[in-house]
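J.:
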Amino acid sequence: MYIPFEDLPGESRVWIYQSNRKFSEEEFSEIETDLKAFVEEWAAHGTSLEASYLLKYNRFIILAVNQDVQAATGCSIDSSVEFIQSLEKKYSVDLLDKMNVTFKNGEHIAHKTLIDFKKMVKDKSVSENTIVFNNLVNNIEEFNESWEVPAADSWHSRFF
Numbered sequence: 073m074y075i076p077f078e079d080l081p082g083e084s085r086v087w088i089y090q091s092n093r094k095f096s097e098e099e100f101s102e103i104e105t106d107l108k109a110f111v112e113e114w115a116a117h118g119t120s121l122e123a124s125y126l127l128k129y130n131r132f133i134i135l136a137v138n139q140d141v142q143a144a145t146g147c148s149i150d151s152s153v154e155f156i157q158s159l160e161k162k163y164s165v166d167l168l169d170k171m172n173v174t175f176k177n178g179e180h181i182a183h184k185t186l187i188d189f190k191k192m193v194k195d196k197s198v199s200e201n202t203i204v205f206n207n208l209v210n211n212i213e214e215f216n217e218s219w220e221v222p223a224a225d226s227w228h229s230r231f232f
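Going by the working numbering, the sequence shown opens with residue 73, and the numbers climb by one from there.
1. Report, in whole angstroms, the separation of the C-beta atoms of residue 205 and residue 220, which I expect to be a contact under 8 Å.
2. Helix, strand or coil: which one does DSSP assign to residue 123?
3. Which of the three DSSP states is assigned to residue 129 in this structure?
4. Based on DSSP bridge pairs, tell me the residues matched to residue 222.
5. Note the first and the last residue of the continuous alpha helix (DSSP H) segment covering residue 110.
6. How would you call residue 210, buried or exposed, if buried means at least 16 neighbouring beta carbons within 10 angstroms?
7. Across which residues does DSSP place residue 77 in a beta bridge pair?
8. Less than 8 Å between C-beta atoms, sequence neighbours within five positions excluded: which residues of the same chain meet that for residue 76?
9. Quick one: using the 10 Å Cβ neighbour count with 16 as the cut-off for buried, is residue 131 buried or exposed?
10. Just to confirm, is the Cβ distance from residue 86 to residue 156 under 7 Å?
11. CB-CB under 8 Å to residue 112, same chain, minus the five flanking residues each way: which ones, in chain order?
12. In the DSSP assignment, find the unbroken beta strand (DSSP E) run with residue 139 in it and report its ends.
13. Name, in chain order, the residues that DSSP records as bridge partners for residue 175.
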């Protein structure tokens with residue numbers, strides 16, 4: 073059951089998928105339609121999940137579930153991963169590789185492999201003040217407070 077993202081409680085669980093490239097406006101519009109349909113039907117053991125999604129910067133897909141109503145189970149999480157994999161195939165993108173770093177580079181959003189990001193740190197192309205996307209946040213409250221943070225305040229800080 074779809075619920076507007078802003079109406080979900082702060083402790084709702086989130087999963088963040090970052091694309092290795094920016095989606096076109098047309099692609100993002102199609103993805104939003106597909107996401108809405110998926111979330112409407114998303115269920116755990118036959119019980120509808122109170123869920124939502126958020127699309128950010130033409131690059132991020134955020135899924136959220138109100139665990140107080142019905143917890144996402146292994147099968148429901150598997151179905152969401154299968155949905156994300158279908159988007160990867162449809163748009164020839166990588167959404168599941170967690171060994172990449174996405175960060176703000178001026179007004180642009182940059183996406184680099186972890187190895188390239190470490191090299192950028194060494195070359196001082198990025199700093200502890202560079203805004204990174206901490207996709208390891210677990211719930212909406214953490215997402216709102218700690219998703220876009222200076223590298224010094226995230227797991228990326230170990231590279232400095």
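All C-beta atoms, glycine included, are put in the ideal place defined by N, C-alpha and C.
Source: prediction; values computed, not measured.
T.: Let me lay it out:
1. Sure, about 6 Å apart at Cβ, within 8 Å.
2. Note: residue 123 maps to strand in three-state DSSP.
3. Correct three-state label for residue 129: coil.
4. Residue 222 pairs with 203.
5. Element bounds for residue 110: 97–113.
6. Residue 210 should be labelled exposed.
7. Answer is none; residue 77 lacks a bridge partner.
8. Within the same chain, residue 76 has close Cβ partners 124.
9. If you draw a 10 Å sphere on the C-beta of residue 131, you find 16 or more other C-beta atoms in it, and that means buried.
10. Result no, Cβ atoms of residue 86 and residue 156 do not sit closer than 7 Å.
11. Once the five neighbours on either side are set aside, the close Cβ partners of residue 112 are 73, 74.
12. Neither: residue 139 is in no beta strand (DSSP E) and is coded neither H nor E.
13. Answer is 182, 204.
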